[in-house]
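Undergrad: One structure follows; several queries about it will come next.
Residue numbers (full-length UniProt numbering), protein chains in the order written: chain F, 1 to 255; chain Z, 1 to 255.
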């Protein structure tokens, strides 16, 4: 199974600390060595890095760990191949444009017999169940709403409906963002923490590293981190319920 | 005006040498400091790097100069903003998926009054004339050929037709690739060189650096480099004619 990491904030924040721990799961503290990727929204633009090398051995992962790219929405993924060979086109996250916005998607799990009819403009380039699911999601959203994105409550309900359809085929933990919100769906395993004032120190579970967030934040900052398994040993992580879709905006899960 | 660089080869080749000279035009030997970007095809996957910092100051450009990513098709761009502010979403190259392939596009020039009706699935995320032209091209290709890509001669004729329509609005030097071929159109300024056996040494025009290609190639290798102005001082560069579209496959311009 793969591992997922996402961040959603109310002010542009770098993910260096969390990514450093996460990247160690790509070949060191865990066995996810079939590629990795990360996408950062910056305004409406996206920086997208993928590599078929293990995150622990990748010069690009090394760059990300030392280059504080500030972003409101980030999605990262470390791959353990279940379907599709180890190749760049099969590395998550995947990016497509719809409604004049980029959409970023990553998936952890394994879908069986998921072969939707893809007759719209979104086609997989690689051969993973995950990219098929992403193309299906976008095709369905475009079929339902045409050329104009609906209001958030309507969009959220549609995505909840669609991920439930996909999840009938197997495990479908997934992250999706259009740069304004982060949608996270849990089939089996996902948890989150909201870091906000008063900030404290956090210690990584995967590396002997801690950071005192009170030194690098303002009282108004709010950062939600969503991940497959907790990244730190001294913060309280909230588990998702199986089948739950949460939407994060400005660093907070929406009720 | 911006600067363009592309590479098309018959064996996966790194672009470190040519990119090193090219990147110096982003803020050192020339004044193109409003961002830059590069996209590498690797199989059917794409590595896409964009940055709104000048190439000369960018840590990501530094990585590319030292990390030999091997690719059959590469497109790079250094931006001097004419339309659209300096922002990540306005950095070339742009990437979209069509027909289950990624398409990569970069443009040098300035289009006046080019406001095509974009009612298909490809919409600009940023606000440049260039991204509008790219979306128009893809929309028109999809309108003409539906869900199935045509044979190369038909595709080439369609692209030649469409770039001529766009070029009526101004300068439209452009590079386009779907990972199998590289399409290069010249309005005003573009030249190319084909490096092949017997390989010799080449000296960069923008930096005191030379490389002896005979040391790093086999007799079967063939590499076409297409660029706004010649990158080296001791190779014979062939200029495009104004209005000319060339298609490069396996390191050779197709007749």
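Even for Gly, the Cβ is constructed at its ideal location relative to N, Cα and C.
(1) With DSSP as the reference, label residue 203(F) as helix, strand or coil.
(2) Run down chain Z in chain order and give the residues with a C-beta less than 9 Å from the C-beta of residue 89(F).
(3) Is there a Cβ from chain Z that is less than 8 Å from the Cβ of residue 59(F)?
(4) Which whole-angstrom value describes the C-beta separation of residue 161(Z) and residue 103(Z), a residue pair presumed to lie in contact below a C-beta threshold of 8 Å?
(5) Under 8 Å, Cβ to Cβ, is there at least one residue of chain Z near residue 12(F)?
(6) Taking the beta carbon of residue 246(F) as the centre, do at least 16 other beta carbons fall within 10 Å, making it buried, or is it exposed?
(7) So residue 77(F) packs on residue 4(F), CB below 8 Å; how close in whole Å?
(8) My guess is that residue 69(F) and residue 40(F) are in contact by the Cβ rule of under 8 Å, so how many angstroms apart are they, rounded?
(9) Just checking my contact of residue 209(F) with residue 82(F) at CB under 8 Å: how many whole Å lie between their CB atoms?
(10) Apart from the five residues just before and just after residue 131(Z), which ones in its own chain have a Cβ nearer than 6 Å to its Cβ?
(11) Which ranges does the alpha helix (DSSP H) cover as unbroken runs of at least 4 residues, wholly within the region 86-169 of chain F, from first to last along the chain?
(12) If you reduce the DSSP assignment to three classes, tell me which class residue 71(Z) lands in.
(13) Give the residues from the region 118-143 of chain Z that approach chain F closer than 8 Å (Cβ to any Cβ), ordered along the chain.
(14) For residue 88(F), which residues of its own chain have a beta-carbon under 7 Å away from its beta-carbon, when the five flanking residues on both sides are left out?
(15) Which same chain residues, not among the five before or five after residue 138(Z), have their C-beta less than 7 Å away from its C-beta?
(16) In chain order, what residues of the same chain have a beta carbon less than 8 Å from the beta carbon of residue 164(F), not counting five sequence neighbours either side?
(17) Is the beta carbon of residue 222(F) less than 8 Å from the beta carbon of residue 189(F)?
(18) Count the other C-beta atoms from every protein chain shown that fall within 10 angstroms of the C-beta of residue 58(Z), then say buried if there are 16 or more, exposed otherwise.
(19) Please classify residue 236(Z): is it buried, with 16 or more other beta-carbons within 10 angstroms of its beta-carbon, or exposed?
(20) What separation, rounded to the nearest whole angstrom, lies between the Cα atoms of residue 2(F) and residue 80(F)?
(21) So which residues on chain Z does residue 50(F) lean against when the C-beta distance must stay under 8 Å?
(22) Considering only the beta carbon of each residue, do residue 7(Z) and residue 159(Z) sit closer than 8 Å?
TA: This is what the structure holds:
(1) In the structure shown, residue 203(F) adopts extended strand secondary structure according to DSSP, grouped into three states.
(2) In chain order: 42, 43, 44, 45, 46 and 102.
(3) Residue 59(F) counts as touching chain Z.
(4) The pair is not a contact, with the Cβ atoms about 17 Å apart (cut-off 8 Å).
(5) Residue-level contact by beta carbon fails for residue 12(F) and chain Z, as no gap is shorter than 8 Å.
(6) The residue is buried, with at least 16 neighbouring Cβ atoms inside 10 Å.
(7) Yes, they are in contact, since the Cβ atoms of residue 77(F) and residue 4(F) sit about 6 Å apart, within 8 Å.
(8) 5 Å between Cβ atoms; contact.
(9) So it is not a contact: roughly 30 Å between Cβ atoms.
(10) So the qualifying residues of the chain are 94 and 124.
(11) Within the region 86-169 of chain F, the complete alpha helix (DSSP H) runs of at least 4 residues fall at 129-145 and 152-167.
(12) Correct three-state label for residue 71(Z): strand.
(13) Listed by position along the chain: 119, 120, 121, 122, 123, 124, 125, 126 and 142.
(14) Only residues of its own chain outside the window of five on either side were considered, and among them 50 and 52 have a CB closer than 7 Å to the CB of residue 88(F), listed in chain order.
(15) Excluding positions up to five away in sequence, the list reads 96, 98, 103 and 122.
(16) Only residues of its own chain outside the window of five on either side were considered, and among them 243 have a CB closer than 8 Å to the CB of residue 164(F), listed in chain order.
(17) Result no, Cβ atoms of residue 222(F) and residue 189(F) do not sit closer than 8 Å.
(18) When all chains shown are included, residue 58(Z) counts as buried.
(19) Residue 236(Z) is exposed by the Cβ-count criterion.
(20) One C-alpha to the other measures close to 5 Å.
(21) In chain order: 45 and 47.
(22) When the beta-carbon positions are compared, residue 7(Z) and residue 159(Z) stay at least 8 Å from each other.
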